[in-house]
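> Let me give you the structure first, and then I'll get to my questions.
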Amino acid sequence: MWWYAHMAGDTHPDAPPEGLAGEPGTESVERSGDVEYGVDEKPPTGESVLLGLQHYLTMVGANIAVPLALAGAMGMPSRWQPLYIGTFFVVSGVGTLLQTIVGNRYPIVQGATFSMLAPAIAIIGFVGTGPGQWQQAIVALQGAIIVGGIVEMAVGYFGVMGWLKQYLSPIVIAPTIALIGLSLFSSPQVTMANQAWWLVGLTVVLIVLFSQYLDRSHRVFRLYPVLLGIVGAWAIATVLSVVGIIPSGSAAFVDLSTVANASLVQVPMPLQWGMPTFQTSFIVGMFAGVVASMIESFGDYHAVARLAGERAPSARRIDHGIGTEGLATVFAGIMGTGNGSTSYSENIGAIGLTGVASRYVIQIGAVLMLFVGFIGYFGALITTIPDPIVGGLYIAMFGQIAAVGLSNLKHVDLDSSRNVFIVGLALFCGLAIPAYMGNIESAIAFQQGMASTPILGPFLGLKVVSDTVYVVGGTGMAVGGLVAFVLDNTVEGTRAERGLDEWDQLTENDDAFDSATERYLKGD
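Here the sequence shown stands for residues 1 to 524, where the numbers follow full-length UniProt numbering.
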């Protein structure tokens with residue numbers, strides 16, 4: 001791709017990395033010509049609003065899919081579902097503002113996480129789905145989410161995640177980021193049996209056309225390829241649905257009746273479903289999802305730094321990012337989403353396509369999320385985007401995330417059989433093990449299988465152990481990252497061979513990042 005060639009360019013092994021001079025970690029990396037707006041730059045207001053809307057539309061698929069999945073699993077009455085979905089957007093808006101203002105200050109969107117979906121569904125199954133039990137399920141989820149968020153805050157703000165960075169070489173980071181992109185190849189929006197492939201293909205073609213072929217012909221194509229692709233495909237599907245060419249049972253059908261039946265104003269409130277309940281097994285099971293989310297976010301921070309032309313994040317910046325995600329997760333628990341908050345790879349992909357890495361644009365998008373959370377009509381309108389369009393969006397952007405991850409390998413010795421073996425095994429395990437987990441009927445069935453393991457069965461069959469393995473094993477980036485982490489730190493290899501020497505030069509110093517408190521004291 002046009003940005004990948006720049007990132008993967010050869011660097012003489014005896015020379016400092018391109019764009020660096022003087023003491024490592026104190027100078028800026030030379031910014032790619034493909035970066036239209038840097039992290040600290042502010043586009044004109046009109047452009048910023050459209051770019052913010054583009055980010056909103058980019059994340060909306062996942063941020064709707066999670067509450068719909070949870071609502072269906074709990075048996076939540078349909079009359080409560082618009083408010084439930086609106087709550088997710090309010091939480092996403094607040095979480096994004098927190099991350100961009102007091103967190104790591106990267107242009108990263110925060111939203112609902114699939115990593116916590118598996119333990120949530122397991123908890124719902126334990127509570128039951130009979131009449132009226134959905135409220136018992138959601139307050140149980142709230143309690144587990146709140147405690148998980150508090151632990152995540154501690155991991156971040158006490159420096160645990162940053163401390164681990166010294167053991168994380170490009171050998172570990174490359175497959176972790178790559179699997180963020182590759183993990184969605186089997187998402188229902190892409191692979192469902194009744195897929196409207198013509199609409200998926202149309203969405204992909206439009207995004208590729210605008211971002212790769214027409215980007216130099218006019219600036220509008222360079223800045224808004226995702227927005228233009230989604231709106232174009234959406235408009236065509238809407239017209240064909242209204243005139244009756246697309247039947248109501250088709251995956252491409254746009255049902256506008258949901259907009260007509262929506263309420264104008266809805267007000268998500270803290271503890272709106274009741275007081276949270278706390279149960280140890282639920283908390284431990286949910287924490288496995290929190291761990292997977294932290295690993296994913298660690299990879300996302302490195303991916304967005306590369307796409308924005310910034311140095312790799314310092315331990316201090318990583319700590320503040322993870323700590324802030326924990327804070328946003330606690331807020332999500334209080335608001336009653338039954339889910340946490342994590343960084344969104346979709347929006348990092350949008351940065352790669354548009355070259356717009358402005359923090360200000362992401363904040364505009366966050367304000368839009370907040371606004372939409374309180375306006376029922378807007379939320380209902382967004383839910384009319386057909387799944388095939390979301391699938392096309394995934395296809396166009398997540399391959400790019402995978403390529404960004406693999407580009408980290410330019411810092412390591414790829415003539416080393418050690419390195420090639422570790423990366424290959426991590427990628428294979430990160431795809432194969434989650435696929436295996438997906439074939440298991442439920443967390444309970446997995447626990448029963450673990451309990452039958454010879455010798456270790458009594459230990460592996462413990463609910464806490466089996467739930468943790470089930471959740472982590474179902475998350476590709478967690479599996480691949482853990483495999484690479486263990487092997488890279490136990491198989492003999494030099495720092496130069498592992499890419500750590502060059503990585504140290506590319507990583508910003510801790511004093512390059514100021515916390516919100518420090519900026520306040522400085523008057524910034």
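From the three backbone atoms N, C-alpha and C, an ideal C-beta is built for every residue, glycine too.
Does the Cβ of A73 lie closer than 7 Å to at least one heavy atom of the ligand MG?
Of ligands this structure carries none, so the ligand MG is not represented either.
> With DSSP collapsed to three states, give me the class of T490.
As a working mapping, residue 490 is identified with position 490 in the sequence shown. T490 falls in the coil class under three-state DSSP.
> Look at the alpha carbon of Q110 and the alpha carbon of H55, and state the distance between them as a whole number of angstroms.
Indexing the sequence shown from 1 puts residue 110 at position 110. Indexing the sequence shown from 1 puts residue 55 at position 55. Their backbone Cα atoms lie some 11 Å apart in a straight line.
> Determine the closest residue to S92 out of V60, N104, A69 and M74, with distance taken between C-alpha atoms.
Residue numbering aside, residue 92 sits at position 92 when the sequence shown is read from its first letter. It is V60.
> Specify the secondary structure class of G111 as computed by DSSP and reduced to three states.
The residue given as residue 111 occupies position 111 in the sequence shown. Residue state, collapsed to three classes: strand.
> Below 8 Å between beta carbons: does that hold for E497 and S416?
As a position in the sequence shown, residue 497 is number 497, starting the count at 1. As a position in the sequence shown, residue 416 is number 416, starting the count at 1. Against a cut-off of 8 Å, the Cβ pair of S416 and E497 comes out as a contact.
> Is the beta carbon of G174 less than 8 Å from the beta carbon of L406?
What you label residue 174 is simply residue 174 of the sequence shown in a count that begins at 1. What you label residue 406 is simply residue 406 of the sequence shown in a count that begins at 1. What sits at residue 174 in the sequence shown is Ala, not Gly. Against a cut-off of 8 Å, the Cβ pair of L406 and A174 comes out as a contact.
> Taking A426 as the reference, give the member of P44, I171 and G148 with the closest Cα.
Working through the sequence shown from its first residue, we reach residue 426 at position 426. Closest by alpha carbon: I171.
> On the CB-based measure, 16 or more other CB atoms within 10 Å of its CB, does R519 come out buried or exposed?
In the sequence shown, residue 519 corresponds to position 519, counting from 1. With fewer than 16 other Cβ atoms within 10 Å, it is exposed.
> For the 8 Å Cβ check, are there 3 or more pairs between the segment 276-290 and the segment 467-483?
At 8 Å Cβ cutoff, the stretches touch.
> Can you give the Cα-Cα distance for F282 and G143, rounded to whole angstroms?
Working through the sequence shown from its first residue, we reach residue 282 at position 282. Working through the sequence shown from its first residue, we reach residue 143 at position 143. Each residue's alpha carbon lies about 9 Å from the other.
> Just curious, the alpha helix (DSSP H) that V39 is in, first and last residue?
Sequence index remark: in the sequence shown, residue 39 carries index 39 (1-based). First-last for V39: undefined, no H or E at that position.
> Take T45 and list the residues in its own chain whose beta-carbon comes closer than 7 Å to its own, dropping the five residues that flank it on each side.
If you number the sequence shown from 1, residue 45 lands on position 45. Once the five neighbours on either side are set aside, T45 has no close Cβ partner at all.
> Buried or exposed, going by whether 16 or more other CB atoms sit within 10 Å of the CB of W198?
Taking the sequence shown and counting its residues from 1, the one referred to as residue 198 is at position 198. So W198 counts as exposed.
> In chain order, what residues of the same chain have a beta carbon less than 6 Å from the beta carbon of M76, not counting five sequence neighbours either side?
Position 76 of the sequence shown, counted from the start, is the residue given in the question as residue 76. Contacts found: W134.
> In the DSSP output, what is S343 paired with across the bridge?
One-based indexing of the sequence shown puts residue 343 at position 343. Q110.
> Once DSSP output is grouped into helix, strand and coil, what is the label at A252?
Indexing the sequence shown from 1 puts residue 252 at position 252. In the structure shown, A252 sits in coil (DSSP, three-state: anything other than H, G, I, E or B).
> By the three-class DSSP mapping on this structure, what secondary structure does A312 have?
Here residue 312 refers to the residue found at position 312 of the sequence shown. In this structure, A312 counts as strand in the three-state DSSP scheme.
> What first and last residue would you give for the alpha helix (DSSP H) that runs through Y301?
To locate residue 301, count along the sequence shown from 1; it is residue 301. Counting along the chain, the alpha helix (DSSP H) containing Y301 begins and ends at T280 to L307.
> Kindly confirm or deny that the segment 177-193 and the segment 206-225 touch, where touching means at least three C-beta pairs closer than 8 Å.
Touching, no.
> Counting only the same chain and skipping the five closest in sequence on each side, list residues whose C-beta sits under 6 Å from that of F485.
Position 485 of the sequence shown, counted from the start, is the residue given in the question as residue 485. Taken in chain order, the residues that qualify are V172.
> With a floor of 4 residues, list each alpha helix (DSSP H) that falls wholly inside the segment 128-209, ordered by position along the chain.
Counting whole runs of 4 or more residues, the segment 128-209 contains the alpha helix (DSSP H) stretches 134-157, 160-164, 170-182, 188-191 and 197-208.
> From what residue to what residue does the alpha helix (DSSP H) around A512 run?
Along the sequence shown, read from residue 1 onward, the residue named residue 512 stands at position 512. Run containing A512: none; DSSP gives neither H nor E here.
> Buried or exposed: where does residue 529 fall if 16 or more other Cβ atoms within 10 Å of its Cβ makes it buried?
With the chain running from 1 to 524 in the structure shown, residue 529 is simply not present.
> Among A303, R418, I382 and I364, which has the Cα closest to the Cα of G399?
Looking up residue 399 in the sequence shown gives position 399. For G399, the nearest C-alpha among the options comes from A303.
> Can you say whether A260 is buried or exposed, counting buried as having 16 or more other CB atoms within 10 angstroms of its CB?
Locating residue 260 in the sequence shown gives position 260, where the first residue counts as 1. The residue in question, A260, is exposed, as its Cβ has fewer than 16 Cβ neighbours within 10 Å.
> Excluding the five sequence neighbours on either side, which residues of its own chain have a C-beta within less than 7 Å of the C-beta of residue 527, listed in chain order?
Residue 527 falls outside the range modelled here, since the chain spans only 1 to 524, and no answer is possible.
> For H411, does the count of other Cβ atoms within 10 angstroms reach 16, so buried, or fall short, so exposed?
The sequence position of residue 411 within the sequence shown is 411, counting from 1. The residue is buried, with at least 16 neighbouring Cβ atoms inside 10 Å.
> State the Cα-Cα distance for the pair S515 and G162, rounded to the nearest angstrom.
Residue numbering aside, residue 515 sits at position 515 when the sequence shown is read from its first letter. Residue numbering aside, residue 162 sits at position 162 when the sequence shown is read from its first letter. Each residue's Cα considered, the two are about 15 Å apart.
> Kindly indicate which residue of A305, L53 and M116 has the alpha-carbon position closest to the one of I348.
Position 348 of the sequence shown, counted from the first residue, corresponds to residue 348. It is A305.
> Run through the DSSP bridge pairs and tell me what T507 is partnered with.
Residue mapping note: residue 507 aligns to position 507 of the sequence shown, counting from 1. DSSP lists A312 as partners of T507.
> Leaving aside the five residues before and after R418 along the sequence, list all residues of the same chain whose C-beta is less than 8 Å from its C-beta, in chain order.
In the sequence shown, residue 418 corresponds to position 418, counting from 1. Cβ within range, chain order: V491, E492, G493 and E497.
> Looking only at its chain, what residues have a beta carbon closer than 7 Å to the beta carbon of A140, apart from the 5 residues adjacent to it on each side?
Within the sequence shown, residue 140 is the residue found at index 140, counting from 1. Within the same chain, A140 has close Cβ partners I123, V127, T277, Q279 and F282.
> Can you give the Cα-Cα distance for A73 and T384, rounded to whole angstroms?
Position 73 of the sequence shown, counted from the first residue, corresponds to residue 73. Position 384 of the sequence shown, counted from the first residue, corresponds to residue 384. For A73 and T384, the distance between alpha carbons rounds to 21 Å.
> Pick out the complete alpha helix (DSSP H) segments inside the segment 427-493, 4 residues or longer, and give them in chain order.
Counting only runs of 4 or more, we get 443-451, 457-460, 463-473 and 476-488.
> Quick check on residue 533: does DSSP put it in helix, strand or coil?
Missing from the structure shown is residue 533; the chain here goes from 1 to 524 and no further.
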